[in-house]
Structures are given as structure tokens and as C-alpha cells.
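For the sequence shown, numbering that gives the first Met the number 0 gives the first residue as 0, with consecutive numbering after it. Built from N, CA and C at the ideal position, the CB exists for glycine as well. These figures come from a predicted structure and were not determined experimentally. The structure appears right after this line, and notes come after that.
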Amino acid sequence: MNHQEFAQMWINVWNSHDLENILTHYSDDIEITTPMIAMATEGEESSLKGKEAVRKYWRKALDKFPDLHFDLIQSTAGVDSVALFYKSIMDKHAVEVMFFNEEGKISRMYAHYD
């Protein structure tokens, strides 16, 4: 799958709000870093490690934003990685850089927002 196909698939799965399907694309030892975590934890942390911690965070986010919808703007490819530029929640633009492990699962993700 090329980065453009992956990007559209990723957008579609998030727009489905099916958390268990979303999580199938991530490794068990996933590490995510995003300013949204800091907002949700009142600045206590900005990263989460492990699928269970990420599941809990994303469940809260999906519950808080039931109309969540992403619109892909652009995707780019790197070495074992992709970067997606998309319109996110609260009318923000986001760039997510995702790194893949040997099994093709996302093992690290960094999000940036305007």
C-alpha cells in the first residue's frame, strides 16, 4: 500500500469512529505524543505508551467529539513512515507523523496542530 492509499484508509477508519478498528493499525507498544494529551490531562503529560492507555484516551476523545471528522489534505512518505496533513477537530489543521514497525503497524506517532 502506498502512502496515499494508507492516508485515505486511515482517514476513513477514524471517520468511522470504530475504535477497535482504529486500534488494529497500531502496535501493542504504540507511543503517541500530541498536544491534545496535554490539554486532556491539564499539562500533566503529552505522551502515552501502550495500546491500553491509548485506547482509554481515544475513547474519551471520541465520546467528547461525537461529530469528529477528518479531511485529508496531503500525505507524504518517509523511511518507514508517513506524514498526514489534514483538517481536524475544532477547525484545526493537523500533521501526524507515523512510524511503522516490522509488521507494518504504527509504533510511534507525533501530532502537530495549528
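Alpha-carbon spacing of residue i relative to residue j, whole angstroms
i: P34; j: A93; result: 11 Å
i: M89; j: F98; result: 26 Å
i: A76; j: H2; result: 6 Å
i: D27; j: K48; result: 9 Å
i: S46; j: I36; result: 7 Å
i: K59; j: M0; result: 30 Å
i: H16; j: K63; result: 12 Å
Contact under 9 Å by Cβ, residue i with residue j
i: N14; j: L61; result: no
i: I21; j: M108; result: no
i: I10; j: K104; result: no
Minimum C-alpha distance to residue i - residue among the options
i: N100; options: K86, H111, V81; result: V81
i: D79; options: Y85, S106, F64; result: S106
i: Q7; options: E19, L83, K91; result: L83
i: D113; options: G103, E102, K104, E95; result: E95
i: P65; options: K50, L18, Y25; result: L18
i: K86; options: E102, A110, E51; result: A110
Inset, instruction - Could you tell me whether the region 47-55 touches the region 66-79, where touching means 3 or more Cβ pairs closer than 8 Å? - result: Cβ pair count under 8 Å is below three, so no.
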